[in-house]
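Asker:
Set out below in structure tokens:
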């Protein structure tokens with residue numbers, strides 16, 4: 174962490190990476206900040222607290238073709254997509270890096286691993302960028318995170334105003350760092366600056382205590398609180414689409430004549446027909462069941478399955494909910510449940 178890069182050289186650094194790897198980084202698209210592949214260094218945007226949509230789509234795309242097929246051919250030919258290029262995901266914040274670690278067990282942690290997700294993970298080097306500021310909805314420390322945390326990064330850039338302190342963490346990171354080594358400058362004072370910035374930002378995070386919440390949730394399935402809470406919800410699903418840990422998806426076949434493709438796309442447990450089964454039975458027919466399931470998943474079910482929280486405290490859902498359903502308020506309310 175004794176090396177720095179001056180901010181006015183960042184575009185050149187990113188272009189040196191893009192010369193060898195596909196660069197995925199945050200850009201401004203009208204009022205939205207989102208991660209796109211194949212961007213140029215000059216187009217990368219890092220002045221937002223965080224991206225509007227999480228970068229999980231780099232590994233679990235909103236829409237992707239699983240394979241294409243043709244039923245007219247004798248062998249019912251199925252063609253799988255080619256593996257993409259080696260990639261560098263740049264500009265991901267610490268909470269979103271932690272979120273990837275929390276959904277890794279879903280896709281690659283069992284004997285039925287997900288080829289599509291795992292391949293993208295293996296072919297991607299992650300360069301995290303620490304937060305320069307925090308929003309009033311940020312509460313990553315509740316789940317063990319930090320605005321300057323480096324867990325999940327191959328290289329970490331720490332924002333120090335007019336420069337970035339650079340920490341190379343893994344062998345994958347070193348291979349990428351070698352591409353921009355000429356931009357690295359010695360700075361023995363950088364570690365102390367990083368530590369001071371970490372303390373400053375930590376003091377600004379929203380204090381949320383989840384002590385005992387999991388144990389309360391274990392016995393709160395039939396509590397009347399969920400009916401009261403669900404009255405506000407519109408079932409719009411915005412919370413799930415911008416969340417860095419939500420991972421529900423649908424699989425559909427799109428066919429015309431003899432040609433077809435199998436497609437995977439994001440889905441939401443807030444949708445009316447998400448739990449609709451053959452014969453017309455719906456296991457979660459009303460808002461009550463859907464809202465309860467969402468918060469049970471974040472605060473209980475994911476912990477039950479993987480010993481990891483289903484939330485990382487990024488605050489996106491609280492920011493974008495049109496009726497101001499706030500998970501931190503739910504946590505507070507649950508602690509008062511009898």
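Numbering (the numbering used here), first residue to last: 174 to 511.
Glycine included, each C-beta is placed from N, C-alpha and C at the ideal position.
Leaving aside the five residues before and after residue 433 along the sequence, list all residues of the same chain whose C-beta is less than 8 Å from its C-beta, in chain order.
Answerer: Walking along the chain shown from the start, residue 433 turns up at place 260. The residues are 241, 242, 243, 244, 426 and 427.
Asker: With a CB to CB cut of under 7 Å and the five nearest residues on each side skipped, what residues in its chain are close to residue 212?
Answerer: Within the chain shown, residue 212 is the residue found at index 39, counting from 1. For residue 212, where only same-chain residues beyond five positions count, the Cβ hits under 7 Å are 196, 198 and 200.
Asker: Kindly confirm or deny that the region 271 to 279 and the region 439 to 452 touch, where touching means at least three C-beta pairs closer than 8 Å.
Answerer: Touching, no.
Asker: Going by alpha carbons, who is nearest to residue 252 out of 436, 375 and 498?
Answerer: By 1-based counting over the chain shown, the position of residue 252 is 79. If we check each option's Cα against that of residue 252, 436 comes out closest.
Asker: What would DSSP say about residue 228, mapped onto helix, strand or coil?
Answerer: Within the chain shown, the letter at position 55 stands for residue 228. If DSSP states are grouped into helix, strand and coil, residue 228 belongs with the helices.
Asker: Tell me whether the beta-carbon of residue 513 lies closer than 8 Å to the beta-carbon of residue 259.
Answerer: Any question about residue 513 goes unanswered here, given that the chain covers just 174 to 511.
Asker: Give every residue of the same chain whose Cβ lies closer than 6 Å to the Cβ of residue 340, excluding the five residues on either side of it in the sequence, and list them in chain order.
Answerer: Along the chain shown, one-based indexing puts residue 340 at 167. Counting only Cβ-Cβ distances below 6 Å, and skipping sequence neighbours, we find 174 and 329.
Asker: If you draw a straight line from the alpha carbon of residue 459 to that of residue 407, how long is it in whole angstroms?
Answerer: Along the chain shown, one-based indexing puts residue 459 at 286. Along the chain shown, one-based indexing puts residue 407 at 234. The alpha-carbon atoms of residue 459 and residue 407 are separated by roughly 11 Å.
Asker: Measure the alpha-carbon distance for residue 357 versus residue 301 and round it to whole angstroms.
Answerer: Counted from its first residue, the chain shown places residue 357 at position 184. Counted from its first residue, the chain shown places residue 301 at position 128. Cα to Cα, the separation comes out at about 17 Å.
Asker: List the residues that DSSP assigns as beta-bridge partners of residue 338.
Answerer: Along the chain shown, read from residue 1 onward, the residue named residue 338 stands at position 165. The partner list for residue 338 (beta bridge, DSSP) reads 177 and 331.
Asker: Considering just the uninterrupted stretch of the beta strand (DSSP E) at residue 198, what are its terminal residues?
Answerer: Stepping through the chain shown from its first residue, residue 198 is reached at position 25. First-last of the beta strand (DSSP E) with residue 198: 195 to 202.
Asker: Would you give the residue range spanned by the beta strand (DSSP E) that residue 237 belongs to?
Answerer: Along the chain shown, one-based indexing puts residue 237 at 64. Per DSSP, residue 237 belongs to the beta strand (DSSP E) from 236 to 243.
Asker: Quick one: give me the first and last residue of the beta strand (DSSP E) that residue 447 is part of.
Answerer: Here the question's residue 447 lines up with position 274 in the chain shown. Note, residue 447: premise wrong, no beta strand (DSSP E); not H, not E.
Asker: Can you give me the start and stop residues for the beta strand (DSSP E) that residue 210 sits inside?
Answerer: Translated into positions along the chain shown, residue 210 becomes position 37. Where residue 210 is concerned, the enclosing beta strand (DSSP E) stretches over 205 to 210.
Asker: Considering only the alpha carbon of each residue, which of 430, 246, 457 and 453 lies closest to residue 443?
Answerer: Locating residue 443 in the chain shown gives position 270, counting from the first residue. When each option's Cα is compared against that of residue 443, the closest is 457.
Asker: Start and end of the beta strand (DSSP E) containing residue 474?
Answerer: Here residue 474 corresponds to residue number 301 of the chain shown, with the count starting at 1. Unbroken run through residue 474: none, as it is neither H nor E.
Asker: Where does residue 266 sit, in a helix, a strand or coil, going by DSSP?
Answerer: By 1-based counting over the chain shown, the position of residue 266 is 93. Three-state result, residue 266: coil.
Asker: Would you mind sorting residue 384 into buried or exposed? The rule is 16 or more other CB atoms within 10 Å of its CB.
Answerer: In the chain shown, counting from the first residue as 1, residue 384 sits at position 211. The residue in question, residue 384, is exposed, as its Cβ has fewer than 16 Cβ neighbours within 10 Å.
Asker: Considering Cα atoms alone, identify which of 224, 309 and 234 is closest to residue 269.
Answerer: Within the chain shown, numbered from 1, the residue matching residue 269 stands at position 96. Here the closest residue by C-alpha is 224.
Asker: Is the separation between the beta-carbon of residue 311 and that of residue 378 shorter than 8 Å?
Answerer: Taking the chain shown and counting its residues from 1, the one referred to as residue 311 is at position 138. Taking the chain shown and counting its residues from 1, the one referred to as residue 378 is at position 205. Yes, these two residues count as a Cβ contact at 8 Å.
Asker: Quick check: the Cα distance between residue 222 and residue 247, rounded to an integer number of angstroms?
Answerer: Here residue 222 is taken as the residue at index 49 of the chain shown, counted from 1. Here residue 247 is taken as the residue at index 74 of the chain shown, counted from 1. Roughly 54 Å separates the two Cα atoms.
Asker: Residue 361 by DSSP, collapsed to three states: which one?
Answerer: As a working note, residue 361 is residue 188 in the chain shown. Looking at residue 361 - three-state DSSP - the assignment turns out to be coil, as it is neither helix nor strand.
Asker: Hey, quick one: how far does the alpha helix (DSSP H) through residue 253 stretch, first residue to last?
Answerer: Looking up residue 253 in the chain shown gives position 80. Premise fails: residue 253 is in no alpha helix (DSSP H) and is neither H nor E.
Asker: Looking at the structure shown, is residue 346 part of a helix, part of a strand, or coil, going by DSSP?
Answerer: Taking the chain shown and counting its residues from 1, the one referred to as residue 346 is at position 173. Helix at residue 346.
Asker: Give the straight-line distance between the Cα atoms of residue 279 and residue 475, rounded to the nearest whole angstrom.
Answerer: Sequence index remark: in the chain shown, residue 279 carries index 106 (1-based). Sequence index remark: in the chain shown, residue 475 carries index 302 (1-based). Going by the C-alpha atoms only, they are around 10 Å apart.
Asker: By a C-beta neighbour count over all protein chains shown, 10 Å radius and 16 as the cutoff for buried, is residue 431 buried or exposed?
Answerer: As a position in the chain shown, residue 431 is number 258, starting the count at 1. With fewer than 16 other Cβ atoms within 10 Å, it is exposed.
Asker: Is it buried or exposed, residue 376, if we count other Cβ atoms within 10 angstroms and call 16 or more buried?
Answerer: The sequence position of residue 376 within the chain shown is 203, counting from 1. Exposed, by the Cβ-count rule.
Asker: Using only CA atoms, which one of 491, 499 and 487 lies nearest to residue 316?
Answerer: The sequence position of residue 316 within the chain shown is 143, counting from 1. Of 491, 499 and 487, the residue nearest in Cα terms is 487.
Asker: Given a threshold of 16 other Cβ atoms within 10 Å of its Cβ, counted over all protein chains shown, does residue 346 qualify as buried or as exposed?
Answerer: Position 173 of the chain shown, counted from the start, is the residue given in the question as residue 346. The residue is buried, with at least 16 neighbouring Cβ atoms inside 10 Å.
Asker: What does a CB cutoff of less than 8 Å around residue 205 pick up in its chain, not counting 5 residues either side in sequence?
Answerer: Taking the chain shown and counting its residues from 1, the one referred to as residue 205 is at position 32. Excluding residues within five positions, the ones whose Cβ falls inside 8 Å are 225 and 226.
Asker: Under the assumption that residue 282 contacts residue 299 (Cβ atoms under 8 Å), give the Cβ distance between them as a whole number of angstroms.
Answerer: Start at 1 with the first residue of the chain shown, and residue 282 comes out as number 109. Start at 1 with the first residue of the chain shown, and residue 299 comes out as number 126. 18 Å between Cβ atoms; not a contact.
Asker: With burial defined as no fewer than 16 other Cβ atoms inside 10 Å of the residue's Cβ, what is the status of residue 492: buried or exposed?
Answerer: What you label residue 492 is simply residue 319 of the chain shown in a count that begins at 1. Answer is buried; the Cβ neighbour count reaches 16.
Asker: Out of 220, 323, 382 and 293, state which residue places its alpha-carbon closest to the alpha-carbon of residue 308.
Answerer: By one-based count along the chain shown, residue 308 stands at place 135. Nearest of 220, 323, 382 and 293 to residue 308, Cα basis: 220.
Asker: Excluding the 5 residues preceding and the 5 following residue 393 in the sequence, name in chain order all residues of the same chain whose CB lies nearer than 6 Å to its CB.
Answerer: Mapped onto the chain shown, residue 393 falls at position 220. Closer than 6 Å at Cβ, skipping near neighbours: 510.
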